[in-house]
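For the sequence shown, the working numbering begins at 16 and goes up steadily by one.
All remarks here apply to the structure that follows.
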Amino acid sequence: MSIKENILRVREAVETVKAKKGLTQKVALCAATKTRSLEEIKEALRGGVDIVGENRIQEAREKYPFISEANRHFIGHLQKNKIKYTFDLFSCIQSVDSIELLRALDLAAVKRDREMDLFIEVNIAGEESKYGFPPDRAEEIMEEAAECERVRITGLMTMLPLTDNEILLHRKAAEAYRLYETFRYWNNGKNIAVDWLSMGMSQDFLIAVEEGSNLIRIGTALFGERGI
Numbered sequence: 016m017s018i019k020e021n022i023l024r025v026r027e028a029v030e031t032v033k034a035k036k037g038l039t040q041k042v043a044l045c046a047a048t049k050t051r052s053l054e055e056i057k058e059a060l061r062g063g064v065d066i067v068g069e070n071r072i073q074e075a076r077e078k079y080p081f082i083s084e085a086n087r088h089f090i091g092h093l094q095k096n097k098i099k100y101t102f103d104l105f106s107c108i109q110s111v112d113s114i115e116l117l118r119a120l121d122l123a124a125v126k127r128d129r130e131m132d133l134f135i136e137v138n139i140a141g142e143e144s145k146y147g148f149p150p151d152r153a154e155e156i157m158e159e160a161a162e163c164e165r166v167r168i169t170g171l172m173t174m175l176p177l178t179d180n181e182i183l184l185h186r187k188a189a190e191a192y193r194l195y196e197t198f199r200y201w202n203n204g205k206n207i208a209v210d211w212l213s214m215g216m217s218q219d220f221l222i223a224v225e226e227g228s229n230l231i232r233i234g235t236a237l238f239g240e241r242g243i
């Protein structure tokens, strides 16, 4: 199937789950483009994805000048020494996983007289291999974010456990949604306005949507397996 056909299939699956469960949230589709060619990304944009998401700064630097019209998010682990590149490449960093990174991004925004939307990454799976704040530090990070000058907290991002256990996936996705609701109460009319729950990838996006996600990050289900 073509990338466009895969996009339609993903969107139809999302709408089917929403209708079955009586859900009303609009779900944005982020194409996860790590290792994908520029032509594949352009085809995804023509197919109607809402966001292009990149994991690697170097890949973004090579490809993004050719898709300047796209809504571009960074969805990988961000090293502080790469912050200097982000302001010209991305409209949003979805993967703020430490207070140090939050402060560094705010300082860089102040120096550049720029603004940047950020998502707080939470390790809802509790796995050492994954980045993100533990859920019990949510209040701490939001208190810190409220003191920032030029960055805006607009969402929460998380990865569900890599498992076939659907009961566990539903439980963790529901935990993430409850945390998202908590984050929304921090909205301060200044620099915190949490609207997005970025949760769900190719293997688990339907469960994520069923539990309240309104932004899914899809790679393989759009582009096929890497290297094929």
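No residue lacks a Cβ here, since even glycine has one placed at the ideal position from N, Cα and C.
Is residue i helix, strand or coil when you go by DSSP?
i: MET157; result: helix
i: THR48; result: coil
i: THR235; result: helix
i: ARG71; result: coil
i: ASP210; result: strand
i: LEU230; result: strand
i: GLU240; result: coil
i: LEU104; result: helix
Note down the Cα distance separating residue i from residue j, rounded to an integer number of angstroms.
i: ASP151; j: SER17; result: 42 Å
i: ARG232; j: MET214; result: 7 Å
i: ASP210; j: ASP132; result: 11 Å
i: ASN96; j: ARG165; result: 19 Å
i: ILE243; j: ALA188; result: Bear in mind that the predicted position of ILE243 carries a pLDDT of just 43, short of 50, making it unreliable; the figure below should be weighed with that in mind. Cα to Cα, the separation comes out at about 31 Å.
i: PHE163; j: GLU20; result: Strictly speaking, residue 163 in this sequence is Cys, with Phe absent from that position. For CYS163 and GLU20, the distance between alpha carbons rounds to 42 Å.
i: ASP112; j: PHE220; result: 22 Å
i: ALA85; j: ASP128; result: 22 Å
i: GLY91; j: GLU69; result: 7 Å
i: GLY234; j: TYR192; result: 22 Å
i: GLN24; j: ILE56; result: It is Arg, not Gln, that sits at residue 24 in the sequence shown. Spanning the two alpha carbons is a distance of roughly 17 Å.
i: TYR87; j: ARG186; result: It should be noted that the sequence gives Arg, not Tyr, for residue 87. Approximately 30 Å, taken between the alpha carbons.
i: ASP179; j: ALA161; result: 38 Å
i: LEU177; j: TYR195; result: 21 Å
i: ALA153; j: SER110; result: 14 Å
i: LEU93; j: GLU27; result: 33 Å
i: VAL29; j: GLU225; result: 9 Å
i: LYS33; j: TYR200; result: 25 Å
i: ALA54; j: PRO80; result: A small correction: the amino acid at residue 54 is Glu; Ala does not occupy that position in the sequence shown. Their Cα atoms are separated by approximately 13 Å.
i: MET174; j: LYS126; result: 32 Å
With a threshold of 8 Å between beta carbons, is residue i in contact with chain D?
i: CYS163; result: The chain inventory of the structure shown lacks chain D, comprising one protein chain alone.
What are the boundary residues of the beta strand (DSSP E) that residue i is part of?
i: PHE134; result: 131 to 137
In the DSSP assignment, find the unbroken alpha helix (DSSP H) run with residue i in it and report its ends.
i: PHE148; result: Counting along the chain, PHE148 falls outside any alpha helix (DSSP H), and DSSP gives it neither H nor E.
i: HIS92; result: No alpha helix (DSSP H) holds HIS92; DSSP gives it neither H nor E.
i: GLN109; result: Counting along the chain, GLN109 falls outside any alpha helix (DSSP H), though it belongs to the beta strand (DSSP E) covering 107 to 111.
i: ARG246; result: Residue numbering for the chain in the displayed model covers 16 to 243; residue 246 lies beyond these limits and cannot be assessed.
i: ILE182; result: 181 to 199
i: THR3; result: Outside the displayed span of the chain (16 to 243) sits residue 3, for which this structure offers no information.
i: PHE220; result: 220 to 225
i: LYS57; result: 53 to 61
i: ILE114; result: 114 to 127
Less than 8 Å between the beta carbons of residue i and residue j, yes or no?
i: ASN202; j: VAL42; result: no
i: GLU136; j: TYR146; result: yes
i: GLU190; j: ILE108; result: no
i: ARG167; j: ALA208; result: yes
i: ILE306; j: LEU183; result: With the chain covering 16 to 243 only, the question about residue 306 has no answer from this structure.
i: GLU159; j: ILE114; result: yes
i: LEU212; j: ILE22; result: no
i: LYS72; j: TYR100; result: Reading off the sequence, residue 72 comes out as Ile, not Lys. Going by C-beta atoms, ILE72 is nearer than 8 Å to TYR100.
Can you find at least 3 beta carbon pairs, one from the region 28 to 43 and one from the region 54 to 61, that sit closer than 8 Å? Flag = no, the region 28 to 43 and the region 54 to 61 do not touch.
Segment contact flag, the region 103 to 110 with the region 70 to 79, C-beta cutoff 8 Å, min 3 pairs: yes
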